[in-house]
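Okay, structure coming up:
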C-alpha cells in the first residue's frame with residue numbers, strides 16, 4: 068500500500084478531523100500537509116503516554132470526592148434539604164461519567180477491545196451524564212435563587228417530592244438526548260488498532276452527528292451557563308446589600324462557581340465549534356486541521372476536571388457537610404484524634420457563623 072492509499076484509508080474512517088462523540092478521548096490519527104507520517108507518530112506517542120496518566124488522575128480524585136459526597140448524603144437522608152438532593156443526583160451523574168474513564172484509558176493504550184455494542188453504550192452513558200451534570204448545576208442555581216431572593220424555603224418536606232420529580236425529568240430528557248450516540252458510534256479498525264469513533268466520515272451528510280454537536284453546545288454549556296449567570300448575578304446583587312460578613316463570603320463562592328464552570332467547559336465548546344465550522348468547510352486551514360484533534364482532547368479533559376471540583380464547590384463549602392466529612396474520614400482512619408479535634412474546632416466555629424444565615428449545604 069502506497070502513502071496515498073494509506074492516507075485515503077484514514078480519511079475514510081473519520082479519524083482526520085472528528086471529535087469522538089462518545090466523550091471518550093479522541094483517538095485521532097492526524098497527518099500534516101507536508102509530512103504525514105511524522106505528525107502521525109508524534110501525535111500518537113504523546114497521546115498514548117499523556118492520556119492514560121491524566122485520565123487516571125481525574126478518575127481517582129473525582130471518584131473519591133463524589134463517592135464521599137454520595138456516602139454522606141445517603142447516610143443523612145432524613146436531614147437532607149432540597150439542595151442536598153440535587154447534589155445527590157449531581158454526584159451520581161459525575162460518578163457514572165467517571166465510570167467510562169477506564170474504557171478511555173484502555174482505548175488509548177491498546178485500542179478499543181470491547182466490541183461494537185459497548186462502544187455505543189459507553190458513549191451514550193458518558194454523554195447522558197455529561198448533560199445531566201450540566202443541567203443539574205443550572206437547577207441548583209435556580210434552587211438557591213428562589214431560597215435567597217424570594218426566601219422560599221425549598222428544604223421543606225413537601226418540596227422534596229418536587230425535587231426528585233425535577234431530577235427524574237432531567238434524567239429522562241438527557242437519556243433521550245444521548246440516544247444519537249447509538250446511531251453515530253461504532254468500531255473502526257485502522258493502523259492495527261480498533262477505535263470507538265464515528266461510523267461515517269462525512270459530517271455534512273450525517274444528521275445525527277450534526278444534532279449531537281449542537282445539542283452539546285446548547286444543553287451541555289449555553290443553557291446552564293445562562294441560568295447560572297442570571298441566578299448568581301441576582302444572588303450577588305442581593306447579598307452585596309447585606310452588611311453581614313458571612314454574606315460577603317457567599318458572594319465570593321457564587322462568583323467562583325460561575326467562573327470555574329465557564330473556565331472548565333468554554334475551551335472545549337470553542338474547540339468543537341471551530342471543528343464544526345471546519346467540517347462545513349467554512350474554515351479552510353491546514354494548521355487548524357492538524358491541531359484540532361489534540362485541542363479537542365486537551366480541552367475535553369479540562370472539562371472533565373469539573374467533575375473533581377463539584378464536590379469542593381457545592382458540598383464542602385457548607386460547614387455542616389465539612390463536619391460530616393471529617394467524621395467519615397476519621398472513621399476510616401484518615402485522621403488521628405488530636406488532628407481531628409483541632410480541625411473540628413475550626414469547623415465548628417465556621418458552622419456557628421454560617422448558622423446565622425441558613426447553613427449547611429443549602430447555603431451558598
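Residue numbers (this note's numbering): 68 to 431.
Even glycine gets a Cβ: it sits at the ideal position worked out from N, Cα and C.
Note that the structure is a prediction, hence the values are computed from the model and not measured.
Rounded to whole angstroms, the Cβ separation of residue 201 and residue 291 is 5 Å, and the two are in contact under 8 Å. Per DSSP, the beta bridge partners of residue 265 are 252. Taking a C-beta distance under 7 Å as the contact criterion, residue 168 and residue 189 do not qualify as a contact pair. Short of 7 Å from the beta carbon of residue 278, and not among the five residues preceding or following it, lie these beta carbons of its own chain, in chain order: 247. Annotation: the continuous alpha helix (DSSP H) that includes residue 176 extends over 168 to 177. Counting the other Cβ atoms within 10 Å of the Cβ of residue 344 gives fewer than 16, which makes it exposed. Assigned with DSSP and collapsed to three states, residue 217 falls in coil, not helix or strand. Closest in C-alpha terms to residue 282, from the list 228, 354, 245, 230, comes 245. Distance from the Cα of residue 150 is smallest, within the candidate group 119, 303, 133, 230, for 230. Spanning the alpha carbons of residue 191 and residue 307 requires a straight line of approximately 42 Å. When secondary structure is reduced to three states using DSSP, residue 260 falls in the strand class. Assigned with DSSP and collapsed to three states, residue 247 falls in coil, not helix or strand. Excluding the 5 residues flanking it on each side, residue 374 has same chain C-beta neighbours closer than 8 Å at 125, 129, 133, 161, 164, 165, 200, in chain order.
The C-beta separation of residue 284 from residue 340 comes to about 7 Å, placing the pair in contact by the 8 Å criterion.
Its Cα nearest to that of residue 232, the residue 153 stands out among 370, 153, 137. If only complete runs of 4 or more residues are kept, the region 277 to 344 shows the alpha helix (DSSP H) at 290 to 307, in order along the chain. By alpha-carbon distance to residue 239, the top candidate from 262, 296, 194 is 194. Bounds of the alpha helix (DSSP H) holding residue 371 are 353 to 377.
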